[in-house]
Amino acid sequence: MRHSVVPHPLLTDLPTGKLTPKTMKALKIVSPGRAEIQTVPVPRLRDQYVLVKVKAVAINPTDWKHIDSQENAKPGLTSGCDFCGTVVALGPNCTKKYKPGDMISGVTHGANASEREDGCFGEYAVVKEGCSMRVPDRMSPEEAATTGVAVLTIALGLYQKLGMQMPGAKGAKKNEWMMVYGGSSAMGSMAIQCAVLSGYKVVTTSSPRNYDLVKSMGAEAAFDYNDPSCGKKINELTKDSLKLVFDCISEGSSPEICCAAVSFSGGKVAYLLPAQHSRKDVESLHVLGYTGIGEAFTKYGRDFPASPEDYRVVSEMFMVAEKLYAERRLTAHPPKVGRQGFEGVLEGLQTMRDGKVSGVKLVHQISMQ
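Under full-length UniProt numbering, read the sequence shown as residues 1 to 369, first letter to last.
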């Protein structure tokens with residue numbers, strides 16, 4: 001599918017008449033395991049996309065995994081998914097009422113072999129309008145940068161795959177148990193909050209040092225995932241009633257812990273990575289967040305068609321989340337702000353590779369303006 005493109009030899013930025021340069025610095029994949037800072041053209045402004053000047057970015061596991069992937073690390077791809085920035089210009093057919101200078105956060109398809117200019121680890125980025133939201137005045141760019149990937153993935157995981165109802169939906173209040181595995185992750189902390197707002201009682205897993213964090217997000221109980229009887233204890237707490245699980249880790253022992261927690265009458269587990277478990281009466285659901293952007297792409301040697309339905313659900317969730325953040329009913333995951341600039345981003349990627357992140361989300365400032 002070809003997109004309408006707005007050429008911009010030099011784009012007018014804010015009403016002051018400031019101009020956007022034709023080139024920018026960005027973090028580009030060079031080869032598997034290696035990314036470097038390069039000078040590249042500012043991304044094209046495509047149909048239904050918004051051009052933003054990036055203020056801050058956050059690091060996700062998918063960022064370093066794509067850089068390190070023998071299969072997906074194609075030279076010239078821009079890394080990065082989570083950002084906060086200011087609106088520069090709107091592409092054709094945009095329906096959101098953004099104005100130049102508005103601060104927004106959102107998610108881009110980092111390391112997208114089907115569209116090399118996607119990705120937000122650059123001084124400028126383009127974001128599909130439905131995968132973005134306004135940032136409340138009270139929220140810092142660093143806090144806002146932690147939200148985009150979580151909003152998109154929770155839209156598909158909780159509200160599409162698991163069939164839960166979004167906060168505010170008629171009949172959303174359930175007063176039933178659901179489980180979030182990995183509650184102290186950025187994804188997990190938002191999933192806990194959203195599930196509570198949808199009327200569920202939430203049980204989660206984390207390390208004991210993060211119990212206070214996950215309970216502050218709304219979890220009624222937390223269990224140590226290193227405890228061999230973790231799943232059994234959750235099953236006992238929920239009186240064998242647990243039907244819905246959202247696994248934010250999806251590797252190691254997490255699938256079997258989730259299955260041990262689920263009711264003996266069966267249930268569903270939504271995984272963020274392809275995962276296998278032993279129980280045939282527990283449905284395994286894979287959440288691939290990139291489908292939520294609504295564009296066709298190729299990954300892992302497989303072609304994924306555009307999914308208008310996934311994009312619709314994600315767009316709806318971004319509107320809901322924008323309202324919830326503005327009303328202070330949602331709280332951003334605690335950011336840990338590292339070294340500024342793309343050198344800092346490279347350091348953050350290595351920190352996450354090394355497994356040294358717990359209870360916070362790594363954030364790096366790109367522009368102070």
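C-beta atoms are modelled at their ideal positions from N, C-alpha and C, and glycine is treated no differently.
Alpha-carbon spacing of residue i relative to residue j, whole angstroms
i: A125; j: R329; result: 29 Å
i: A144; j: S265; result: 40 Å
i: I234; j: A275; result: 20 Å
i: residue 391; j: S114; result: There is no way to answer for residue 391, as the model of the chain reaches only from 1 to 369.
i: G80; j: V269; result: 27 Å
i: C258; j: G91; result: 43 Å
i: M178; j: K25; result: 43 Å
i: L213; j: G183; result: 9 Å
i: F304; j: D82; result: 22 Å
i: L242; j: T39; result: 51 Å
i: A261; j: G231; result: 4 Å
i: G294; j: Q340; result: 32 Å
i: L346; j: E36; result: 8 Å
i: R2; j: C94; result: Confidence is the limiting factor: at R2 the pLDDT is only 39, short of 50, which leaves the residue's position unreliable, though a coordinate-based value still follows. Their backbone Cα atoms lie some 16 Å apart in a straight line.
i: A56; j: V320; result: 23 Å
i: G267; j: V313; result: 22 Å
i: E316; j: S198; result: 15 Å
i: P255; j: P100; result: 45 Å
i: V107; j: D224; result: 31 Å
i: T331; j: V127; result: 23 Å
i: D13; j: Y290; result: Caution is warranted here: a pLDDT of 44 is assigned to D13, below 50, making its placement in the model unreliable, and the coordinate value is therefore given only provisionally. When rounded, the distance between both Cα atoms is 29 Å.
i: E220; j: K356; result: 27 Å
i: I154; j: T23; result: 34 Å
i: A296; j: V282; result: 30 Å
Burial state of residue i (16 or more Cβ within 10 Å)
i: D240; result: exposed
i: M187; result: buried
i: Q193; result: buried
i: R134; result: buried
i: E322; result: buried
i: P308; result: exposed
i: N226; result: exposed
i: T238; result: buried
i: P228; result: exposed
i: R46; result: buried
i: P335; result: buried
i: S216; result: exposed
Cβ-Cβ separation, residue j to residue i (assumed contact under 8 Å), whole Å
i: G122; j: N112; result: Not confirmed; about 13 Å, so no contact.
i: V87; j: D102; result: 5 Å
i: A191; j: T205; result: Rounded, the Cβ-Cβ distance is 12 Å, inconsistent with contact.
i: V42; j: P21; result: 7 Å
i: L349; j: I67; result: 7 Å
i: V196; j: G218; result: 4 Å
Pair within 8 Å by beta-carbon distance, residue i and residue j
i: L324; j: A58; result: no
i: S253; j: Y271; result: no
i: K65; j: G85; result: no
i: S105; j: T62; result: no
i: S250; j: S358; result: no
i: residue 437; j: F246; result: With the chain running from 1 to 369 in the structure shown, residue 437 is simply not present.
i: Y200; j: E176; result: yes
i: E117; j: R209; result: no
i: L152; j: T78; result: no
Residue from the options whose Cα sits closest to the Cα of residue i
i: A150; options: L51, E142, S189 and P255; result: S189
i: K161; options: G292, S358 and R353; result: G292
i: E71; options: K299, A219, L242 and V42; result: K299
i: H286; options: L156, V360 and T146; result: L156
i: E327; options: T108, P136 and V127; result: P136
i: residue 372; options: A35, Q48 and M368; result: As shown, the chain starts at 1 and ends at 369. That puts residue 372 outside it, with no answer to give.
i: P141; options: D354, E343 and H333; result: H333
i: E343; options: K74, I366 and G110; result: I366
i: D354; options: N60, M164 and S229; result: N60
i: K96; options: R279, Y211, K215 and S132; result: S132
The ligand HEM heavy atom lying under 7 Å from the CB of residue i
i: A326; result: Of the ligands one can find in the structure shown there are none, so the ligand HEM has no counterpart to examine.
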